Every structure is written in C-alpha cells, then in structure tokens.
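Chains as they are written, first to last, in the working numbering: chain E, 687 to 922; chain Z, 687 to 922; chain D, 360 to 638. Ideal placement from N, C-alpha and C gives every residue a C-beta, glycine not left out. All figures in this text were calculated on a predicted structure; none of them were measured in a lab. The structure appears below as structure tokens.
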Amino acid sequence: MPSVAKRRLVIAADEVESMSETRPEELRLVEALLFASAEPLDEKTLAARLPQGVDVKTVLQQLQAEYAPRGVNLVRVAGKWAFRTASDLSWLLTKDSVVPRKLSRAAIETLAIVAYHQPVTRAEVEEIRGISAAKGTLDVLLETGWVRPRGRRKAPGRPVTYGTTEAFLSHFGLEALDDLPGLDELKGSGLLDGRLPPGFSVPTPSDDPALRDDEDPLEPEDLDLGLAPPPSRAEK
Amino acid sequence: MPSVAKRRLVIAADEVESMSETRPEELRLVEALLFASAEPLDEKTLAARLPQGVDVKTVLQQLQAEYAPRGVNLVRVAGKWAFRTASDLSWLLTKDSVVPRKLSRAAIETLAIVAYHQPVTRAEVEEIRGISAAKGTLDVLLETGWVRPRGRRKAPGRPVTYGTTEAFLSHFGLEALDDLPGLDELKGSGLLDGRLPPGFSVPTPSDDPALRDDEDPLEPEDLDLGLAPPPSRAEK
Amino acid sequence: MIAGDVPFEADLAERGTDEPALVVDVEGFEGPLDLLLMLARQQKVDLAKISLLALADQYLTFIEEARKLRLELAADYLVMAAWLAYLKSRLLLPDAGGIEGPSAEDMATALAYRLRRLEAFRHAAERLLERPQLGRDFHERGDPEPIAEIRRPQWTATLYDLLTAYAQQRQNKALAHVRFAKRTVWSLAEARAALERLLGQAQDWSRLDEYLISYLVEPAMRPTVFASSFASVLELVREGVAEIHQHEPFAPIYMRKRMVADDIAGDSVGRTGPRAVEG
Chain E
687 MPSVAKRRLV IAADEVESMS ETRPEELRLV EALLFASAEP LDEKTLAARL
737 PQGVDVKTVL QQLQAEYAPR GVNLVRVAGK WAFRTASDLS WLLTKDSVVP
787 RKLSRAAIET LAIVAYHQPV TRAEVEEIRG ISAAKGTLDV LLETGWVRPR
837 GRRKAPGRPV TYGTTEAFLS HFGLEALDDL PGLDELKGSG LLDGRLPPGF
887 SVPTPSDDPA LRDDEDPLEP EDLDLGLAPP PSRAEK
Chain Z
687 MPSVAKRRLV IAADEVESMS ETRPEELRLV EALLFASAEP LDEKTLAARL
737 PQGVDVKTVL QQLQAEYAPR GVNLVRVAGK WAFRTASDLS WLLTKDSVVP
787 RKLSRAAIET LAIVAYHQPV TRAEVEEIRG ISAAKGTLDV LLETGWVRPR
837 GRRKAPGRPV TYGTTEAFLS HFGLEALDDL PGLDELKGSG LLDGRLPPGF
887 SVPTPSDDPA LRDDEDPLEP EDLDLGLAPP PSRAEK
Chain D
360 MIAGDVPFEA DLAERGTDEP ALVVDVEGFE GPLDLLLMLA RQQKVDLAKI
410 SLLALADQYL TFIEEARKLR LELAADYLVM AAWLAYLKSR LLLPDAGGIE
460 GPSAEDMATA LAYRLRRLEA FRHAAERLLE RPQLGRDFHE RGDPEPIAEI
510 RRPQWTATLY DLLTAYAQQR QNKALAHVRF AKRTVWSLAE ARAALERLLG
560 QAQDWSRLDE YLISYLVEPA MRPTVFASSF ASVLELVREG VAEIHQHEPF
610 APIYMRKRMV ADDIAGDSVG RTGPRAVEG
C-alpha cells in the first residue's frame, strides 16, 4: 500500500507542476474568495472583488470542472456560487451533521405547496390541503427562513402572499426554482394551473422578488407584527 | 481573452479527466472532512473517521502538494490540518468601508484658519487661535485630504507651511478659495458682529500653489515622514 | 391513522356496533381531504377512476364511527361530511333539472381534482425531502474566513461650521482684554527674609545654590528664586551683613555671614526691600 500511495503522490506532484504553469491566477483568486466566504457569492460580487477584465463566468466553469471529481464541489445555489462537500460523501460527514429540526407533515406539505405554487396565500394553502390550520405551520416555516412573506394579494382582505427564499434553495441544493423535483410533472398534470376550482391562475412557481400584477408590496409594519392584514385595509 | 480562457478551460477539463482516473478516493474523503470541519483536525481524528487502512500522512502530503499552487492551501496549524486562503491572497479578504465622522471643533477651527490665512505654519495657527494646537489636530486635517503641507517658511526652524487642497474646495462646495466670504460678508451675515476694533481685517485667501517669496519647497522626505523639520537644517 | 389498515366498509356491516371495529385516531389526519385520500388509496385504483359514491360512503361511515366513539371532530371534517352527503344524494338522484349551480358530475370532478392535487403536492414534498440537504448530506465550509473590514473615516463638516468657527475665533481674540498671565515670583523681600534666616545658621562659606535648593520646588520657580536671591545677597553685602565670594566667572557663589558688624546686621533685620516684580 505505501508504495502505491507513493507512486500516486509522484503522479499528483507532476500534475501539480504542470497545472501551476498553465493555471491562470484568476482561478486562484476566485477559488480563495469562494472558499473563504460563509455564503454563496454571485458573479457580480465576485467580479467586484477581482481585478478588472477577469471573465468570471469562464473562470467559474473551469473551477467547476476542476472540482467536479473532488471531495469538494463548486455548485450553483440560487444563482450564486459556493463550494460544498460532494453529496455522495454524506456518510462520511454524518458526525458533522446538525440534526435538522424535524418538520411536521403539515409543515412539509405546506412548504411544498409554497415552493411549487408560489406566490400563494394562506387561504390557498388551506384550500389545497383542505384544512384550516395553517397559521402555526406557516410560522414554523417562516422561522426556518425558507419561507418569507413577499407581498399582499390584490384581493378582498389583501391577504399576505408567501414564497420561498434563497436559504430554501441553498438548503436543498437547488440552483433555481425550476430545478424543483417533479415540477414538470406537476405542471404537465394541469394541477398547478387551477382550471378547477377557480381562483388558481398561477401556472409556474416563481420566487422572483418582483411582485406579480396581483400583488401589492408589504407595508413596513407587516414585517414587525404577526402579518395579519391591517384592519383598516381588511375592512375595505 | 475569451479564446485564451476557452483554451485554458479545455486544458483544465483534460487534466480533470486524467486526474479523476488516477486520483484515489481517500483524497476526496480527507478533502471533504477538512473542508467541512469547523476547526483544524489532527491526523488521529482524520484516521478515526476514514475507512481502515488509509495512510493519512501520505494522503495529507499529496493534498498539500495539490493545493500548494492554488488559492487555498492545506496548512498545518499547531500539529493539525486545515484549509486556509493562500497567504499571498490575504488582500482579497479585506473590504474597505466608509464611516462618516464629524470633525472635532478644534479641527474645524484650525481648518478655518488654514483656509483664510494660508500659507500658514502651525505656530501661526496657534497664534491666531490663541491656543496651542494639539499636534493631532493637524494630523486629522492632513488625513481628511483637505489640508496639505506646501513648503517650508524661510525662517528659523524652517517650519512647514500648510494650505488647502482641491478636495477642500469640492467638499465645501467652493468653486475657488476666494469664494470664502470676506470681512463685509461675514459682518453682513451676522457671523461677525459690529464691535470689532479698528484695523480688524480678514485676509483675502488664496490657495495659489506657487510658493511665496518666503517659502522654500518641501524636501522629498517631508512627504514620507512626520513632517518634522530635518534636524540638520533646523540647527542652522 | 387506522390501526391494522382495516378495509372497514366490509367489516362494519358484519360487526356489532357496541364493539368498536376501529381504533380511530383522527388526530393523525391532516384534515378531511387527507382522510379521503387515505380512504381512496384503499380502493387501490387510480384517483381518476375511483368511485366517488363509494368514497363518500366510506367517509360518512368513518365519521359515524368516530362520533359513536365520542371523538371530537374538527368542523372541517363535519363540513366535508355534509358536503359528501349532499353529493351522494345528487349522484343517486336522477338529474331532476332546475337545480341551480354545478351539476353533481362537476362536483364529483372537482373533488377528484382536489384529491389528485393534494396527492401531487404530497408526492412533490416527498421528492423534495429526498434531495440531499445542506448540513445533513452536503456541507458548507466549516470554518469560513471572514472578510476583514477596513473602516475608513469619511470626514464631514459644513461650510457653515467652517465660517462660524473662523468668525468666532477671530472675534473672541480681537475683543479679548489684554491680560497678562499671572506669574509666580519670589519677591526680593521674601528672598531677603529667607537669606537672613539662613545666614544666622551658616558661619562658614556656603554655596549660594545650597541655600536656594530648598526653594527649588518646581522648575518654573528656578529663575525667579535665583534672581531674587542673588539681588538680595548683593544688597546684604552692600549693607555689610554678608560676604560673597566667587573665584571665577560662572563658578558657584559662596556666601557667609559677616562676623564683625553685629550692629549693622541687627539694623537690617526686618527691613523690607523694594518689591520688584519680575515681568
């Protein structure tokens, strides 16, 4: 075994030498920035920290290819870039795992409805689940940081609309909402377009922070308080 | 540039391919363990988390060699191992931020005297102010970039003369230094009251960079050092 | 959940009602749709092909059972029961016509749609949770290196600050009364009195400096003590009370009491010299 390892070491050293000759400095810089950062970085942020004229996209592609076979991969998360341990090594890292808070079935279902159906109001979640008990469940999801209030539906009572966050994408390793598993099936089944019953005219989920035509922005007090619709407005 | 980058990308992809064939799995494991760990790991700890029979020392040596030319290096910290940003890239991990700060009363007063009476030495500022100025006050003003040393007075001790800069004009929204109000304007605006002794005057300020007859140019070392008069000259 | 996964429709018909056929845990259900979905699954057919009539029956039977067991049922379950009972009656009755609103067929389709939709979201939720998750299956850098912030002050001041500062300083200076700082001095009289006291003790040549030393309280007093003392000594010499001696310029000055003329010394005691104030 040691002799094999030694031989491998020699091979690796050769590779390293040839690499250091051809490997452009930009790769080192982007590598260092992404390794050091506690959060995913977008291309704009990276470009701002790098010398002018660096083609960030190309550098990232190259890094991604370099790291693909490694124990640490460069992945795209919510349109940003981050290093993550390869997910096939989860067995190795169970000791480092933080036991994620076990979500109730209700919370998981609600999360899925918010994710696949956003922007969505509490009433719509309740309608889909056929049960009127979503308030506490939504609070739990807001607490995880995966779900956020995003606006108010332009409808009687001006209910708050909910959507998912970047932290949601990051937690589930999704590059974008389009990568939600089974989204195409769900779309194809017509279950998202809501021909029946009326009231659902949301063909694709979107966490685009830009409000839809049927959404109003949240008021500042919404973020402090319990997100109940302001009484004055609700009465209208 | 794009074509060069593309070519590099191809090279890198080839390297990756050849590497993935020869690169032993142990490297991936140690890489992932060290990346995910919140603190440096020693060889014993690593060995305990790896499959039996892995030669941790060799793997670490190989990883260290692989990462040596990269933006992230594998380093030994107090007998333990950790990934760290390459030390030549520490500049990447700093960020400038600007904090607004108000000038002290003493600094504003000194600045005002410099503006109206330039070129002026520190002793002259003190005489006009009737207070011996703290050395720090002028340092702060130099730091603002609003005041600059402009020469040395042809007088015993060869004291440095100070004047204002263009940055001073632009900060205070002045087109030229003689836009500063004169005696009549100061009186007219009520900033000076009428009970002034006869002969009281306010100079017409000028920041003409040309040295006056009683000024010598600064020597190069004045700009580096603390602007103290060079001892050899001061003794003359 | 229902213990034992019992196809209770069949069982119930055979069993006595006093003997509970089911252990009902209604708490385990996420609402009436969830219950319906579970019942539909027991038909083991595609949701699109289930018999809604049979499903409605199962649901109503379940609710009946639960009520017999005096289980508290949430309003949602009862509303659904009422709706299903209505749907059932509409499905069983031949279309009477003239009834407003959606047809029984539409209502059944709507229910089937809702069941399918809930099931689809359930499935999506499962697939979402099957994904590798951050902190469990893959990890971020355990020890990120923080970006050091270099804080640079941006100095601010207004033109108004500048002008008021200038005007006030100039004005205060111009209008200030000319006042001389009070200086601490040792008057000649004080010096003389002190020296006369000292001379009484010193019969031998002594250094003037040594007499002065006890007065050198602080460096600032040095010149005035020295000057006043020297002037007083000269006066004492002139009066014949003391003698002084210096063997070369800038050398220490020695003094002693003059031995011979006691009368003159006596005269001079208590005399006050001119008060000279050092400027």
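Could you check whether P391 (chain D) and A722 (chain E) sit closer than 9 Å to each other, using their CB atoms as the reference points?
Within the first sequence, residue 722 (chain E) is the residue found at index 36, counting from 1. Within the third sequence, residue 391 (chain D) is the residue found at index 32, counting from 1. No, the pair does not count as a contact, with Cβ atoms beyond the cut-off.
Buried or exposed: N531 (chain D), going by 16 or more other Cβ atoms within 10 Å of its Cβ?
Counting from one through the third sequence, the residue named residue 531 (chain D) turns up at place 172. Exposed, by the Cβ-count rule.
Report the neighbours of L392 (chain D) on chain E: residues whose CB is nearer than 9 Å to its CB, in chain order.
The residue you call residue 392 (chain D) lines up with position 33 of the third sequence. Here the neighbours are I814, R815, G816, I817.
Any beta carbon from chain D within less than 9 Å of P810 (chain Z)'s own beta carbon?
On the second sequence, position 124 is the one that residue 810 (chain Z) refers to. In the sequence on display, residue 810 (chain Z) carries Glu and not Pro. Closer than 9 Å: no.
Taking C-beta to C-beta, are P491 (chain D) and F854 (chain E) nearer than 9 Å?
Position 132 of the third sequence, counted from the start, is the residue given in the question as residue 491 (chain D). Position 168 of the first sequence, counted from the start, is the residue given in the question as residue 854 (chain E). No, Cβ-Cβ distance for P491 (chain D) and F854 (chain E) is not below 9 Å.
Which residue wins for smallest C-alpha separation from W832 (chain E), given the options E:R762, E:Y848, E:E813, E:D870?
The residue labelled residue 832 (chain E) in the question sits at position 146 within the first sequence. Out of E:R762, E:Y848, E:E813, E:D870, E:Y848 has the C-alpha closest to the C-alpha of W832 (chain E).
What does L477 (chain D) reach in chain A if we use C-beta pairs closer than 7 Å?
Checking the listed chains, one finds no chain A in this structure; the protein chains it contains are E, Z and D.
Pull out every residue of the stretch 762-795 of chain E whose Cβ sits closer than 8 Å to any Cβ of chain Z, in chain order.
Under the 8 Å Cβ criterion, the stretch 762-795 of chain E contributes F769, T771, A772, L775, L778, L779, K781, D782.
So the candidates are E:P726, E:L727, E:L746; which of them puts its Cα closest to the Cα of E711 (chain E)?
Position 25 of the first sequence, counted from the first residue, corresponds to residue 711 (chain E). E711 (chain E) has its Cα closest to that of E:L746, out of E:P726, E:L727, E:L746.
Looking at chain Z, is there any beta carbon in it that lies within less than 9 Å of the beta carbon of Q492 (chain D)?
Taking the first residue of the third sequence as 1, we reach residue 492 (chain D) at position 133. Not one chain Z Cβ lies under 9 Å of Q492 (chain D).
Compare the beta carbon distance of L863 (chain Z) and S887 (chain Z) with 9 Å and say whether it is the shorter of the two.
Within the second sequence, numbered from 1, the residue matching residue 863 (chain Z) stands at position 177. Within the second sequence, numbered from 1, the residue matching residue 887 (chain Z) stands at position 201. No.
In terms of residues, what are the limits of the alpha helix (DSSP H) holding W442 (chain D)?
As a first step, residue 442 (chain D) must be located in the third sequence, where it is residue number 83. Residues 434-451.
Would the C-beta of A718 (chain E) count as close to the ligand SAM, meaning under 8 Å from any of its heavy atoms?
As far as ligands go, the structure on display features none, and thus does not contain the ligand SAM.
Can you have a look at T780 (chain E) and say buried or exposed, based on whether 16 or more other CB atoms are within 10 angstroms of its CB?
Within the first sequence, numbered from 1, the residue matching residue 780 (chain E) stands at position 94. Exposed is the call here.
Counting C-beta neighbours from all protein chains within 10 Å, is the total for W767 (chain E) 16 or more, i.e. buried, or is it exposed?
Position 81 of the first sequence, counted from the first residue, corresponds to residue 767 (chain E). By the neighbour-count rule (16 or more Cβ atoms within 10 Å), W767 (chain E) is buried.
From P889 (chain E) to I409 (chain D), what does the alpha carbon distance come to, in whole angstroms?
Here residue 889 (chain E) is taken as the residue at index 203 of the first sequence, counted from 1. Here residue 409 (chain D) is taken as the residue at index 50 of the third sequence, counted from 1. Residue confidence is low: P889 (chain E) scores 38 on pLDDT, short of 50, so the model does not pin down where it sits. Its coordinate-derived value is still stated next. Each residue's alpha carbon lies about 27 Å from the other.
Please return the same chain residues whose Cβ sits closer than 8 Å to the Cβ of E871 (chain E), not counting the five positions on each side in sequence.
On the first sequence, position 185 is the one that residue 871 (chain E) refers to. Within the same chain, E871 (chain E) has no close Cβ partners at all.
What separation, rounded to the nearest whole angstrom, lies between the Cα atoms of M618 (chain D) and E602 (chain D)?
By one-based count along the third sequence, residue 618 (chain D) stands at place 259. By one-based count along the third sequence, residue 602 (chain D) stands at place 243. When rounded, the distance between both Cα atoms is 9 Å.
Could you compute how far the alpha carbon of F846 (chain E) sits from the alpha carbon of L827 (chain E)?
Looking up residue 846 (chain E) in the first sequence gives position 160. Looking up residue 827 (chain E) in the first sequence gives position 141. For clarity, residue 846 (chain E) is Val in the given sequence; the question names Phe instead. The alpha-carbon atoms of V846 (chain E) and L827 (chain E) are separated by roughly 15 Å.
So which residues on chain Z does L719 (chain E) lean against when the C-beta distance must stay under 7 Å?
The residue given as residue 719 (chain E) occupies position 33 in the first sequence. Under the 7 Å cutoff, chain Z gives L778.
What is the DSSP secondary structure of M397 (chain D), counted as helix, strand or coil?
Translated into the one-based positions of the third sequence, residue 397 (chain D) becomes position 38. M397 (chain D): helix per DSSP, three-state reduction.
Take T830 (chain E) as the anchor and find which of E:S790, E:P805, E:E810 has the nearest alpha-carbon.
As a working mapping, residue 830 (chain E) is identified with position 144 in the first sequence. Answer by Cα proximity: E:S790.
Roughly how many angstroms lie between the CA atoms of A517 (chain D) and R808 (chain Z), to the nearest whole one?
To locate residue 517 (chain D), count along the third sequence from 1; it is residue 158. To locate residue 808 (chain Z), count along the second sequence from 1; it is residue 122. The residue asked about is misnamed: residue 517 (chain D) is Thr in this sequence, not Ala. Looking at the two C-alpha atoms, the distance is approximately 23 Å.
Give me the Cα-Cα distance between E813 (chain E) and P461 (chain D), rounded to the nearest whole angstrom.
Here residue 813 (chain E) refers to the residue found at position 127 of the first sequence. Here residue 461 (chain D) refers to the residue found at position 102 of the third sequence. About 19 Å.
Which residue wins for smallest C-alpha separation from D728 (chain E), given the options E:W777, E:E852, E:G757?
Start at 1 with the first residue of the first sequence, and residue 728 (chain E) comes out as number 42. Closest by alpha carbon: E:E852.
With a threshold of 8 Å on Cβ separation, who are the neighbours of T796 (chain Z) within its own chain once the five nearest residues in sequence on each side are excluded?
Taking the first residue of the second sequence as 1, we reach residue 796 (chain Z) at position 110. Excluding residues within five positions, the ones whose Cβ falls inside 8 Å are V811, R815, A819, T823, L824, L827.
For chain D, find out if any of its Cβ atoms is closer than 9 Å to the Cβ of Y848 (chain E); answer yes or no.
Mapped onto the first sequence, residue 848 (chain E) falls at position 162. Closer than 9 Å: no.
Smallest Cα separation from A507 (chain D): which of Z:W777, Z:V806, Z:K743?
The residue labelled residue 507 (chain D) in the question sits at position 148 within the third sequence. Minimum Cα distance to A507 (chain D) is reached at Z:W777.
What residues match up with F769 (chain Z) in a beta bridge as DSSP calls it?
Translated into positions along the second sequence, residue 769 (chain Z) becomes position 83. Answer is Z:L760, bridged to F769 (chain Z).
Any chance you could list the alpha helix (DSSP H) runs of at least 4 consecutive residues sitting entirely within the stretch 815-877 of chain Z, in chain order?
DSSP runs (the alpha helix (DSSP H)) wholly in the stretch 815-877 of chain Z: 821-830, 852-857, 869-874.
Would you identify the three-state DSSP class for E389 (chain D), choosing helix, strand or coil?
Taking the first residue of the third sequence as 1, we reach residue 389 (chain D) at position 30. DSSP places E389 (chain D) in coil when its eight states are reduced to three.
L715 (chain E) touches chain Z at which residues, Cβ-Cβ below 9 Å?
Here residue 715 (chain E) corresponds to residue number 29 of the first sequence, with the count starting at 1. Here the neighbours are G757, L775, L778.
Could you give the residue range of the beta strand (DSSP E) that holds R473 (chain D)?
Taking the first residue of the third sequence as 1, we reach residue 473 (chain D) at position 114. Segment 463-489 is the alpha helix (DSSP H) holding R473 (chain D); no beta strand (DSSP E) there.
Quick one: grab the DSSP three-state call for E725 (chain E).
Here residue 725 (chain E) is taken as the residue at index 39 of the first sequence, counted from 1. Coil at E725 (chain E), not helix or strand.
Along the stretch 508-527 of chain D, where does the CB come closer than 7 Å to a CB of chain Z? Name the residues.
Listed by position, the residues of the stretch 508-527 of chain D near chain Z (Cβ gap below 7 Å) are E508, I509, R510, R511, P512, Q513, W514, T515, A516, L518, D520, L521, L522, T523, A524, Y525, A526.
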